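In this note's numbering, the protein residues as written are 52 to 176.
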């Protein structure tokens with residue numbers, strides 16, 4: 052796991068992680084990945100883009116209300132509406148660090164250099 056990514060969302064083996072700043076490089080990109088998958092996919096360039104997208108899904112009714120022991124929650128997009136959410140997805144624009152690249156392989160030898168540098172620095176400390 053790249054130590055430069057911090058999990059900000061998790062549901063049914065799907066994780067959304069935000070990239071931290073590394074040295075002079077700005078973070079903020081959000082990557083979606085499956086715990087058994089083989090890539091991290093850049094889905095949003097910044098946290099505000101993800102929040103705007105979730106708000107859009109709610110406005111369009113693409114959510115499921117679930118009553119849990121500690122109260123009601125909104126599952127966005129909600130499993131029954133997953134296909135509708137996939138159809139609405141757009142590709143994020145060019146990113147100042149990642150350019151147009153969307154996918155990063157989970158094999159650490161193919162990670163961006165700044166991800167590798169963080170892992171080497173923190174794991175050798």
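Here a beta-carbon is modelled for each residue, glycine too, at the ideal position from N, C-alpha and C. All values derive from a computational prediction rather than experimental measurement.
Secondary structure at residue 135, three-state DSSP: helix, strand or coil?
helix
Identify every run of the beta strand (DSSP E) within the region 137-174, keeping only runs that are complete inside it and at least 3 residues long; order them along the chain.
154-156
Residue 102 - DSSP class collapsed to helix/strand/coil:
helix
In chain order, each beta strand (DSSP E) run of at least 3 residues that lies wholly inside the region 102-131
115-119 and 122-126
I believe residue 76 touches residue 57 by the beta-carbon criterion, under 8 angstroms. Please report the beta-carbon distance rounded to the nearest angstrom.
The Cβ separation is near 15 angstroms, so there is no contact.
Count the other CB atoms, across all protein chains shown, that sit within 10 Å of the CB of residue 147; report buried if there are 16 or more and exposed otherwise.
exposed
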